[in-house]
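Asker: One structure is given below, represented as C-alpha coordinates, and several questions about it will come after.
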Amino acid sequence: MYVEVAHPPQKKIDYKNPHFLKRIRSDLEKCGILEPKDKILVADVIRINHAYVIYTPNRKLVLDEIFKFLNNAGIHAIGRYGEWKYSFMEEAILDGKKTAELLTG
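Under the working numbering, think of the first position of the sequence shown as -10, with each following residue one higher.
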(Lines of atoms letter the chains of each structure in order from A and count residues from 1; the text may use other names and numbers.)
(Lines give C-alpha, C1' and ligand atoms only; values in the text may rest on other atoms or scores of the structure.)
Protein backbone atom coordinates (compact mmCIF):
# COMPACT_ATOMS: atom_id res chain seq x y z
CA MET A 1 0.00 0.00 0.00
CA TYR A 2 1.20 3.46 -0.83
CA VAL A 3 0.02 6.49 1.13
CA GLU A 4 0.85 10.02 0.07
CA VAL A 5 0.63 12.94 2.49
CA ALA A 6 0.92 16.26 0.68
CA HIS A 7 1.42 19.54 2.49
CA PRO A 8 2.62 23.05 1.74
CA PRO A 9 6.39 23.51 2.06
CA GLN A 10 6.05 25.89 5.00
CA LYS A 11 4.27 23.22 7.07
CA LYS A 12 6.86 21.22 8.96
CA ILE A 13 6.00 17.56 9.63
CA ASP A 14 7.96 15.32 11.96
CA TYR A 15 7.93 12.09 9.97
CA LYS A 16 9.79 10.24 12.73
CA ASN A 17 7.15 11.04 15.32
CA PRO A 18 5.13 7.84 15.99
CA HIS A 19 1.94 9.91 15.96
CA PHE A 20 2.47 10.60 12.24
CA LEU A 21 2.04 6.92 11.29
CA LYS A 22 -0.67 6.41 13.93
CA ARG A 23 -2.68 9.23 12.36
CA ILE A 24 -2.33 7.70 8.89
CA ARG A 25 -3.42 4.31 10.18
CA SER A 26 -6.38 5.82 12.02
CA ASP A 27 -7.50 7.63 8.87
CA LEU A 28 -7.16 4.43 6.79
CA GLU A 29 -9.35 2.64 9.33
CA LYS A 30 -11.94 5.45 9.21
CA CYS A 31 -12.06 5.05 5.43
CA GLY A 32 -12.55 1.29 5.76
CA ILE A 33 -9.26 0.50 4.01
CA LEU A 34 -7.73 -1.12 7.10
CA GLU A 35 -9.35 -3.05 9.91
CA PRO A 36 -8.17 -2.60 13.50
CA LYS A 37 -6.88 -6.19 13.46
CA ASP A 38 -4.72 -5.60 10.35
CA LYS A 39 -0.97 -5.52 10.95
CA ILE A 40 1.49 -3.21 9.27
CA LEU A 41 4.73 -5.13 9.02
CA VAL A 42 6.88 -2.40 7.46
CA ALA A 43 6.43 1.35 7.13
CA ASP A 44 8.94 3.34 5.11
CA VAL A 45 8.56 7.10 5.05
CA ILE A 46 10.20 8.89 2.13
CA ARG A 47 10.10 12.66 1.92
CA ILE A 48 9.94 14.01 -1.63
CA ASN A 49 10.48 17.76 -1.57
CA HIS A 50 9.10 18.48 -5.03
CA ALA A 51 6.53 15.81 -5.73
CA TYR A 52 4.31 17.61 -8.22
CA VAL A 53 5.08 18.85 -11.68
CA ILE A 54 4.55 22.52 -12.43
CA TYR A 55 2.79 23.43 -15.65
CA THR A 56 4.33 26.26 -17.67
CA PRO A 57 2.98 28.10 -20.74
CA ASN A 58 5.40 26.21 -23.05
CA ARG A 59 4.61 22.80 -21.55
CA LYS A 60 2.81 21.30 -24.55
CA LEU A 61 5.34 22.44 -27.13
CA VAL A 62 8.29 21.23 -25.06
CA LEU A 63 6.67 17.91 -24.18
CA ASP A 64 5.74 17.21 -27.79
CA GLU A 65 9.42 17.52 -28.74
CA ILE A 66 10.63 15.47 -25.77
CA PHE A 67 8.12 12.66 -26.37
CA LYS A 68 8.94 12.60 -30.08
CA PHE A 69 12.61 12.12 -29.20
CA LEU A 70 11.88 9.46 -26.58
CA ASN A 71 9.47 7.55 -28.85
CA ASN A 72 12.07 7.50 -31.64
CA ALA A 73 14.53 6.04 -29.13
CA GLY A 74 12.02 3.36 -28.06
CA ILE A 75 11.57 4.87 -24.61
CA HIS A 76 8.15 4.80 -22.96
CA ALA A 77 7.78 7.73 -20.57
CA ILE A 78 4.95 7.04 -18.14
CA GLY A 79 3.58 8.18 -14.80
CA ARG A 80 3.68 11.52 -13.06
CA TYR A 81 7.33 12.23 -13.75
CA GLY A 82 7.69 10.42 -17.08
CA GLU A 83 4.77 12.21 -18.69
CA TRP A 84 5.34 15.41 -16.73
CA LYS A 85 1.72 15.59 -15.62
CA TYR A 86 -0.24 15.80 -12.44
CA SER A 87 -1.58 12.32 -11.76
CA PHE A 88 -2.53 10.15 -8.85
CA MET A 89 -0.90 6.85 -7.87
CA GLU A 90 -3.68 4.71 -9.33
CA GLU A 91 -3.23 6.43 -12.69
CA ALA A 92 0.52 5.77 -12.59
CA ILE A 93 -0.17 2.08 -11.96
CA LEU A 94 -2.62 1.99 -14.88
CA ASP A 95 -0.02 3.73 -17.09
CA GLY A 96 2.46 1.00 -16.18
CA LYS A 97 -0.09 -1.74 -16.88
CA LYS A 98 -0.99 -0.22 -20.26
CA THR A 99 2.68 0.03 -21.24
CA ALA A 100 3.38 -3.54 -20.10
CA GLU A 101 0.48 -4.76 -22.23
CA LEU A 102 1.77 -2.76 -25.20
CA LEU A 103 5.25 -4.24 -24.81
CA THR A 104 4.04 -7.82 -24.39
CA GLY A 105 1.51 -7.64 -27.22
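We treat Cβ as the ideally placed atom computed from N, Cα and C, and that holds for glycine. These numbers come from a predicted model, not from an experiment.
(1) Within 10 angstroms of the Cβ of Asp84, are there 16 or more other Cβ atoms? Answer buried if so, exposed if not.
(2) Indicate the three-state DSSP secondary structure (helix, strand or coil) for Asn47 in the structure shown.
(3) What first and last residue would you give for the alpha helix (DSSP H) that runs through Phe9?
(4) Considering just the uninterrupted stretch of the alpha helix (DSSP H) at Leu83, what are its terminal residues?
(5) Can the beta-carbon of Leu17 be found less than 8 Å from the beta-carbon of Leu23?
(6) Per the contact definition of three or more C-beta pairs closer than 8 Å, is the segment 43 to 55 in contact with the segment 1 to 15?
(7) Does Lys57 come out as helix, strand or coil in the three-state DSSP assignment?
(8) Where do the ends of the alpha helix (DSSP H) carrying Arg69 lie?
(9) Which whole-angstrom value is the C-beta distance of Arg69 and Val42, which I expect to be below 8 Å?
Answerer: In brief:
(1) buried
(2) coil
(3) Pro7 to Lys19
(4) It spans Met78 to Thr93 - the alpha helix (DSSP H) in which Leu83 sits, taken as one unbroken run.
(5) yes
(6) no
(7) helix
(8) Under the DSSP assignment, Arg69 falls in the alpha helix (DSSP H) whose first and last residues are Gly68 to Gly71.
(9) 7 Å
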